[in-house]
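In our numbering, the protein residues as written are 637 to 769.
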């Protein structure tokens, strides 16, 4: 705010000490791709990034509405945050064609399995990282 920019990535001092160790542990939502998100705002522009985030939010809403058997909120949120949009689209399409008619518990298992498989291909760990004390 003191540099009169909308996002830190537009600041001439970015990345500054505020970003030291910011992506070393997770809260409910991972900060692992924070720097990548800021780079995307810098190079793609805010509107393109906003559209991508809105699509990810819609996919998360779909997962929670149709595939959550009660314990998938955190894994779904982590996957949507960390996986690229194209992977999430592919998982969603597979879920719609292969799992839509299954009972809820089976739909939830299938969703988690497909998200983990997509993450494994990219070498992404969907488990939250704990803060080192």
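For every residue, glycine included, the Cβ atom is placed at its ideal position computed from N, Cα and C. Computed from a predicted structure; not experimentally measured.
Exercise. Confirm, please, whether the CB-CB distance from residue 731 to residue 750 is below 8 Å.
Key: yes
Quiz item: For the alpha helix (DSSP H) that residue 708 lies in, which residues bound it at each end?
Solution: Looking at the DSSP string, residue 708 is not in any alpha helix (DSSP H), and its letter there is neither H nor E.
Quiz prompt | Selected residue, minimal CA-CA separation from residue 687, among 745, 721, 701 | solution = 721
Self-check item: Residue range of the unbroken alpha helix (DSSP H) whose run includes residue 757
Solution: 740–758
Quiz prompt | Cβ shell of residue 726 (< 8 Å), same chain only, five flanking positions each side left out | solution = 754
Quiz item: DSSP three-state call for residue 644: helix, strand or coil?
Solution: helix
Quiz prompt | Three-state class that DSSP yields for residue 652 in the structure shown | solution = coil
Quiz item: So, is residue 736 buried or exposed, given that buried needs 16 or more other C-beta atoms within 10 angstroms?
Solution: exposed
Practice problem: Taking 8 Å as the threshold, find out whether the segment 739–750 comes into contact with the segment 692–707 through three or more Cβ pairs. | Solution: yes
Quiz item: How big is the Cα-Cα spacing for residue 716 and residue 756?
Solution: 14 Å
Exercise. Pick out whichever of 675, 713, 669 has its Cα sitting closest to the Cα of residue 645.
Key: 675
Practice problem: Could you name the residues of the same chain whose beta carbon sits closer than 6 Å to that of residue 643, not counting the 5 residues immediately before and after it, in chain order? | Solution: 677
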